[in-house]
Amino acid sequence: MSKTIKVTLLKAHKHAGKDYKAGAKIDVTEPTRDWLLGLGVIEAAAPAVEDKPKTGGEK
Numbered sequence: 001m002s003k004t005i006k007v008t009l010l011k012a013h014k015h016a017g018k019d020y021k022a023g024a025k026i027d028v029t030e031p032t033r034d035w036l037l038g039l040g041v042i043e044a045a046a047p048a049v050e051d052k053p054k055t056g057g058e059k
């Protein structure tokens, strides 16, 4: 089974036979995510942010 990713819709979309409104979160495969991104239907995922450990001299 393919890995799925949760995405947020920017506009209304029909997925797997069900209608979803903008703002809905759905699970899709990576190829479907890429396709939806290309169509502007979903928002791009935010880049991962790494927490840097404090070295003691930082406030």
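Going by UniProt numbering, the letters in the sequence shown line up with residues 1 to 59, in that order.
Ideal placement from N, C-alpha and C gives every residue a C-beta, glycine not left out.
message: Could you tell me the alpha carbon to alpha carbon distance between D34 and A24, rounded to whole angstroms?
response: 17 Å
Nearest residue (CA-CA) to A16, options V28, E43, L39 and T8: V28
message: Using a Cβ-Cβ cutoff of less than 8 Å, which residues in the same chain neighbour K3 once the five nearest sequence positions on both sides are dropped?
response: T29 and E30
field: Buried versus exposed call for L36 [16 or more other C-beta atoms within 10 Å across all chains shown]
entry: buried
task: Spatial neighbours of L10 within its chain, please: CB distance less than 7 Å, with the 5 preceding and 5 following residues excluded, ordered by chain position.
output: A22, G40, V41, I42 and E43
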